[in-house]
Each structure stands twice: as structure tokens, then as C-alpha cells.
Amino acid sequence: MKVIWYSSEPSTPVFAHWDGADVTEMQMEEYRGRVEWVKDGNHEGNVTLKINNIQPSDNGQYWCHFQENTYCGETSLLLQVAGLGSAPYIHVGGVVESGVQLVCTAKGWFPEPQIYWTDITGEKLLAVSEHFIQDANGLFYVEATLVVRNDSVQTVSCFIRNPILNEEKSSVISIPGKSSASRTNMLIRNGINRKGSKYCSIAPNIFFIKENI
1 MKVIWYSSEP STPVFAHWDG ADVTEMQMEE YRGRVEWVKD GNHEGNVTLK INNIQPSDNG
61 QYWCHFQENT YCGETSLLLQ VAGLGSAPYI HVGGVVESGV QLVCTAKGWF PEPQIYWTDI
121 TGEKLLAVSE HFIQDANGLF YVEATLVVRN DSVQTVSCFI RNPILNEEKS SVISIPGKSS
181 ASRTNMLIRN GINRKGSKYC SIAPNIFFIK ENI
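In UniProt numbering, the protein residues as written are 1 to 213.
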């Protein structure tokens, strides 16, 4: 029996198993020590590969090639890696001529998150700038700047949303000078850190990473 899991070329597999033994000589360096073949379901026709310590770079298309005696088959799977990072942090950037400048930042998100501001009624406010920076680990740092010009707006919220998980985190701030008290409240929903498994079948899969906060 011959089993090959690969993400780019069969000649440089994520994992290979030939005639009862794992083949590591050709294995991609970034997967060494992180993958294992789950043999429990072999009798049911499953050829399952487990990837430990999921990373943003694991995101993408994978192929499973299977060959035994005269039978040969191949199928593909799209692995989606998603991570909930830190809750947004809002601080006052200063008072500009046209209003109060607020800056919202967050880190550890994957893939590139969506960020938006709202007032107390839930109406969206237009940011003057947004910046997304991907670090060496592939996780995103995001920064958005808002200038509040309307004196009637006393409280604003910043939301960071993961487009894959459809989950978000938010923070709210009362604008200094527009209220007798200034506060920052954070709503934090913990991300989930899991080990991911890929099956030799076509199905959408989402695996999670978590930024240490």
C-alpha cells in the first residue's frame, strides 16, 4: 500500500507511507515532527493524517494519493486555518482640529480580519485609515483610526471579525470630554486551540490557532 499526502508536489510530500513504513526522506521540512498517520480507520477505508501545532502556513489545498495493488485513486481537501486573536484595544490618539482621534489595535488574527467602528446605536462609522501587518508567524496585527467629529457621539465601539469563523471581539470607549466618566470595556470570547485532522475525502475543514495573550 502506498499513501501520499501533499500540498504542492507529490515529490515533496507532507507525509508518505509505503509498504508499511513511513518515508521521511522526501518529507517537507516544515511538517517534520508535526504529522502522524492515524491508522484506526484503515479497515474502513479512511486514510487520516493528523497535523499537530497548526500554523497559518498550513492553510491551503491538500491532495491524498492512495495506491494498493491495481487500485489507484486521488482526492483533494481545502484546509482553512482560522485564529481569534486579542480583543481590540482602543486609545485616544489625540484631539485634532476636526474632532477626537481614536485608534483601535489588535493582534494574533488569521486570516486577515475585518475591522469596523459603530456608535451606541450600532450605526457604522467610517474609519480614516486601516493597516494590516502580517508577522513572521503569519498572524495579523490590525490598526484602525477614527476621527469623531459629531459632538452627539459620546460612545463608540471597535469590532474585529474573523471572516472564516464568523466570530468577533469588541471593545467600547466613552470619548473623553463628551461624558463625565471615561471607560473601556472589553468583551472577550476565547479562541479555541485544537489539533487538526485531515481525511482523504473532499469536505470543508476549519482548524483553529490561538494567540497567547
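Using N, Cα and C, we set each Cβ at its ideal position, and we do this for glycine too.
Query	Result
Candidates Ser170, Tyr31, Cys104 and Asn52, of which the one nearest phenylalanine 132 by Cα	Cys104
Spatial neighbours of lysine 195 in its chain, beta-carbon cut-off 6 angstroms, leaving aside the 5 residues before and after	A caution first: lysine 195 carries a pLDDT of 35, below 50, which makes its placement in the model unreliable, though a value can still be read off. The answer, listed in chain order, is Asn52.
Beta-carbon gap between glutamate 143 and leucine 84 smaller than 8 angstroms	no
Cβ-based burial, valine 96 [other Cβ within 10 Å; buried from 16]	exposed
Exposure label - aspartate 19; buried when at least 16 CB within 10 Å	exposed
Valine 156 beta carbon less than 8 angstroms from that of isoleucine 175	yes
Secondary structure of aspartate 135, DSSP reduced to three states	coil
C-beta contact flag for glycine 93 and glutamine 101 at 8 angstroms	yes
Spatial neighbours of isoleucine 120 in its chain, beta-carbon cut-off 6 angstroms, leaving aside the 5 residues before and after	Thr155
Own chain, CB closer than 6 angstroms to glutamine 134, minus 5 neighbours either side, in chain order	Phe140
Coarse secondary structure for leucine 187, derived from DSSP in three states	The predicted position of leucine 187 is uncertain, since its pLDDT is 29 and thus under 50; a value taken from the coordinates is nonetheless stated next. Strand at leucine 187.
Nearest-angstrom Cα separation, counted from isoleucine 164 out to valine 81	9 angstroms
Nearest to leucine 78 (by Cα), restricted to the options Gln67, Asp58 and Tyr89	Asp58
Through-space distance from serine 11 to residue 224, alpha-carbon basis	The chain is shown from 1 up to 213; residue 224 falls before or after that span and cannot be answered.
Proximity of alanine 127 and tryptophan 117 at Cβ, strictly below 8 angstroms	yes
Boundaries of the beta strand (DSSP E) in which arginine 34 is found, first to last residue	Premise fails: arginine 34 is in no beta strand (DSSP E) and is neither H nor E.
Arginine 161 versus tyrosine 6 - alpha carbon distance	31 angstroms
Span separating the alpha-carbon of histidine 17 from that of glutamate 68	12 angstroms
Buried/exposed call for lysine 169, threshold 16 Cβ in 10 Å	buried
Reference glutamate 25, options Asn46, Thr145, Pro13 and Lys50, closest by Cα	Pro13
Pairwise C-alpha distance: alanine 136 and tryptophan 37	29 angstroms
N- and C-terminal bounds of the beta strand (DSSP E) containing glycine 99	99-109
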